[in-house]
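A quick write-up on the structure given underneath.
Protein chains: 2
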Amino acid sequence: MSLETIRRVRDLRERVALWRREGLRVGLVPTMGALHAGHLSLVEKALSLSDRVVATIFVNPRQFGPAEDLAAYPRREADDAALLDAAGAHLLFAPPVDEVYPEGFATTVTVTGVSEGLCGAVRPGHFAGVATVVTKLLLQSLPDVAVFGEKDWQQLQVIRRLVRDLDIPVTVEGAPTLREPDGLAMSSRNAYLGPEDRARAPRLYAILSQVASDLAAGADVATRTAWAVAELEKAGFGPVDYVEARDAETLAPVGERVTRPARLLAAARLGRARLIDNVGIAL
Amino acid sequence: MSLETIRRVRDLRERVALWRREGLRVGLVPTMGALHAGHLSLVEKALSLSDRVVATIFVNPRQFGPAEDLAAYPRREADDAALLDAAGAHLLFAPPVDEVYPEGFATTVTVTGVSEGLCGAVRPGHFAGVATVVTKLLLQSLPDVAVFGEKDWQQLQVIRRLVRDLDIPVTVEGAPTLREPDGLAMSSRNAYLGPEDRARAPRLYAILSQVASDLAAGADVATRTAWAVAELEKAGFGPVDYVEARDAETLAPVGERVTRPARLLAAARLGRARLIDNVGIAL
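Protein chains in written order, with my numbering: chain A, 1 to 283; chain B, 284 to 566.
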């Protein structure tokens, strides 16, 4: 395997500086590891937009709540490195926790608006953890472009907002959600699903797709999202954290009916997993 | 005058990119304008550390509390530009408020620890405003070095902390406080002092210097700082926000006696002005 793994910010900077001196464009793909084809599609997109791609693997403790799955989150760096190598990534940055948060660390980046409601309401502190670590990852390597998955739609909007607001000189690109053949959005957390729940899981996407199409046709938002929650509960999901139609960029609530392009977003627990998904509402 | 003033981040980036292509080192001196010799000494220090110096003038609304002097803060950009030109600065970046905080702006950088207590206790939100705008100013131009005055000692520690924590690739340099012949620390806010208060003002530095020297000699911290507060009140200051001995870098409270290098910091109102100052406690 030719992919080199580095652990220290100074080594990352050194590598990137060398590339820059050669006039190469640099792409970044931040991940928490436990890679699947969705992540590899981000690498592919980064490769199409830059000359050298750095993937990062860091399970960021600051974006997990105290009752969440930080300890259980799947970690398999050797497998991940092999996948990244095969996908054509040029460097893996996988820092230990104390390289990212050394003793005395005291700074937080928070984003209001887009980070409120939806997952922000259910996971207090989550998006501050995301915003802080993404700011750091971007400033550690200062890539030309950074690629994030649309599966974490709210996260993507939080990142777009903070990059614009803090004047971070990077282009943020979203990449479409990859799905299993039955429609389930690919996610490292799908590994938590037992066989029965795995069989139920595709209902999330099916219900969202149907409601999005109804809303695009002018259906009442409150009625259809309430129907979606009930359907998910019938299908064995629970609790359902939310099913909501929002402005695609600002995530402001839409009115009674969708009158401009919007996004339908949902989060629901299924067995040991908490699944999230979202689809466009195209008018 | 050869000094050019620019208002837009994209123009700033363009100028700095040109310099970088020539292999030149860039220094940044962020200010709120109303410049005095203290500011010009920051320019001088930046010139000694880099090839091109950008000074910024931006009266940052986010670091003023609702009852503070944002509207009254002195603004005299033409005079400032002439001073910067004479001091050898190469570029003035003086953005309008909506260039720094466009509509929809939603991001805040906060620093715990060093920003708590002292001015942080008296001016809620002040250091979040400082941390956010300094992060932006640094990322707008990505200088090699940025110079800040030691007169705002707590601010300097907040900036050092956030630069380290967010991995901003810049060297932060502090520059010693410049003083009037009678010892008063130079400050744009000294302009608020009427003649009587101006005559009283040097007591702040005199008292701090005496207490710092007592503490360095082993005096009891609580006794001597209480004495300083009483002396300031006797001299016509009031209210005295604080006189405190702190660890010079972490700003953690020192114990009963100072046992390692520390800083003595004070803030007190005098007439229409709120004055701050600080001195080293050298063991």
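For glycine and all other residues, C-beta sits at the position ideal for the given N, C-alpha and C.
The structure presented is a predicted model; accordingly, all values stated were derived computationally and were not measured.
Query - beta strand (DSSP E) segments (min. 3 residues) lying fully within the segment 227-276 of chain A - result: 240-247 and 262-270
Report task. Step through the CB atoms of chain B and report whether any lies within less than 9 Å of the CB of A/S207. Result -> Looking at the sequence shown, residue 207 of chain A is not Ser but Ile. Output row for A/I207: interface = no.
Report task. Using three-state DSSP, classify B/P313 as helix, strand or coil. Result -> Here B/P313 sits in strand by DSSP.
Query - Within chain A, the residues that B/L375 reaches when beta carbons sit closer than 9 Å - result: Within 9 Å Cβ-Cβ: nothing; B/L375 doesn't reach chain A, min ~18 Å.
**Report entry** B/M284 burial status per 10 Å Cβ neighbour count (16 or more: buried)
**Finding:** The residue is exposed, with fewer than 16 neighbouring Cβ atoms inside 10 Å.
Query raised in the report: Which residue comes first and which comes last in the alpha helix (DSSP H) that contains A/V134?
Result: H126 to S141
Report task. Name, please, each residue of chain B whose Cβ falls closer than 8 Å to the Cβ of A/I168. Result -> Per Cβ cutoff of 8 Å: L422.
Query - Residues near A/A37 in its chain [Cβ-Cβ closer than 8 Å; skip 5 each side] - result: L178 and M186
Report task. Count the CB pairs spanning the segment 337-349 of chain B and the segment 309-317 of chain B that are closer than 8 Å, and state whether there are at least three. Result -> yes
Query - Cross-chain neighbours of B/A535 in chain A, by beta carbon under 8 Å - result: Correct list: empty, because the minimum Cβ distance to chain A is about 11 Å.
**Report entry** Chain-order list of residues whose beta-carbon lies under 6 Å from that of B/N561 (same chain, five-residue window excluded)
**Finding:** W436, R546 and L548
Query raised in the report: Hey, would you say B/V299 sits closer than 9 Å to B/L425, going by beta carbons?
Result: In this structure, the beta-carbon distance from B/V299 to B/L425 falls below 9 Å.
Requested in this report: Give me the Cα-Cα distance between A/E256 and A/V211, rounded to the nearest whole angstrom.
Outcome: Between A/E256 and A/V211, the C-alpha separation is close to 14 Å.
Query raised in the report: With 9 Å set as the bound, which would you pick, yes or no: does the beta-carbon of A/A262 sit closer than that to a beta-carbon of chain B?
Result: no
Requested in this report: For B/A458, name the three-state secondary structure that DSSP assigns.
Outcome: strand
Query - Contacts around B/L295, its chain only, beta-carbon distance under 8 Å, and the 5 residues preceding and following it disregarded - result: I289, V337, L374, F376, Q423 and S424
Requested in this report: Please decide whether A/T171 counts as near chain B, where near means a Cβ-Cβ distance under 9 Å.
Outcome: no
Report task. May I ask you to check if the CB of A/R123 is nearer than 8 Å to at least one heavy atom of the ligand MG? Result -> The model on display carries no ligand, and the ligand MG is accordingly not part of it.
Report task. Name the one or two DSSP bridge partners that A/T110 has. Result -> B/T391
Query raised in the report: So what's A/A94 in DSSP terms, helix, strand or just coil?
Result: Coil.
**Report entry** Proximity to B/L467 [Cα-Cα], best of B/G412, B/R557 and B/I442
**Finding:** B/R557
Query raised in the report: Closest to A/A216 by CA distance: which of A/E22, A/T259 and A/T112 is it?
Result: A/T259
Requested in this report: Can you tell me the Cβ-Cβ gap for B/V392 and B/A404, rounded? I've got them flagged as a contact below 8 Å.
Outcome: Actually they do not touch by this definition, with Cβ atoms about 19 Å apart.
Query raised in the report: If you run the structure through DSSP and keep just helix, strand and coil, what is A/E4?
Result: In the displayed model, A/E4 falls within a strand according to three-state DSSP.
Query raised in the report: Quick one: does B/V523 have its CB under 9 Å from some CB of chain A?
Result: no
Report task. Report back the beta-carbon spacing between A/F237 and A/A282 to the nearest angstrom; my notes put them in contact at under 8 Å. Result -> Actually they are not in contact, since the Cβ atoms of A/F237 and A/A282 sit about 25 Å apart, beyond 8 Å.
Query raised in the report: Quick one: is B/T391 near chain A, going by C-beta distance under 9 Å?
Result: yes
Query raised in the report: Taking only beta-carbon atoms, is A/A222 less than 9 Å away from chain B?
Result: It does not; no Cβ of chain B falls within 9 Å.
Query - Whole-Å CB distance - B/L449 paired with B/I490, under 8 Å assumed - result: Not really, about 37 Å apart at Cβ, beyond 8 Å.
Report task. Could you spell out the range, first to last residue, of the alpha helix (DSSP H) harbouring B/G501? Result -> No alpha helix (DSSP H) contains B/G501, which DSSP labels as neither H nor E.
Query raised in the report: Which residues, taken in chain order from the segment 144-166 of chain A, show a beta carbon closer than 7 Å to some beta carbon of chain B?
Result: Contact annotation: in the segment 144-166 of chain A, residues whose CB is within less than 7 Å of a CB in chain B are R161, L162, D165 and L166.
Query - Cβ of B/F388 within 9 Å of any chain A Cβ - result: yes
Requested in this report: Report the neighbours of A/E114 on chain B: residues whose CB is nearer than 9 Å to its CB, in chain order.
Outcome: Glu is not the amino acid found at residue 114 of chain A; the sequence shown has Val there. Chain B residues near A/V114: A389.
Query raised in the report: By DSSP, does A/N60 sit in helix, in strand, or in coil?
Result: Of the three classes helix, strand and coil, the one that applies to A/N60 here is coil, per DSSP.
Query raised in the report: For a contact meaning CB atoms closer than 7 Å, what does A/T135 contact in chain B?
Result: By Cβ distance, chain B contributes L449.
Query raised in the report: Can you check whether the CB of B/V326 is closer than 9 Å to the CB of B/A372?
Result: yes
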